[in-house]
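Residue numbers (the numbering used here): 50 to 138.
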């Protein structure tokens with residue numbers, strides 16, 4: 050089960066959605082969240098991170114564009130790949 054025990058640093062100059070993208074991608078790359086794992090709902094993530102849901106939507110769109118997660122209408126969002134470390138090199 051995926052747990053969210055982190056909050057973005059609102060004082061950091063890095064946009065909050067990018068901090069969230071990095072947090073999620075790091076959890077996947079480190080094997081904490083395995084391929085096929087279902088992510089919490091956008092509402093649950095927004096509440097856990099203390100941000101607006103639109104911030105989560107932006108972060109998820111970026112992760113989807115990287116091919117790290119996939120979203121099915123009505124089926125939630127799942128970890129698709131753990132290639133974040135390859136993307137960073």
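For glycine and all other residues, C-beta sits at the position ideal for the given N, C-alpha and C.
According to DSSP, is residue i part of a helix, a strand, or is it coil?
{"i": "residue 119", "result": "strand"}
{"i": "residue 100", "result": "coil"}
{"i": "residue 52", "result": "coil"}
{"i": "residue 128", "result": "strand"}
Which same chain residues end up closer than 7 Å to residue i when comparing Cβ atoms and leaving out the 5 residues on each side of it in sequence?
{"i": "residue 102", "result": "91, 92, 95"}
Once the 5 residues before and after residue i are set aside, which same chain residues still bring their CB inside 6 Å of it?
{"i": "residue 104", "result": "65, 66"}
{"i": "residue 97", "result": "53"}
For residue i, collect the residues of the same chain with a Cβ closer than 8 Å to its Cβ; drop the 5 residues on either side in sequence, then sort them by chain order.
{"i": "residue 58", "result": "68"}
{"i": "residue 85", "result": "127, 128"}
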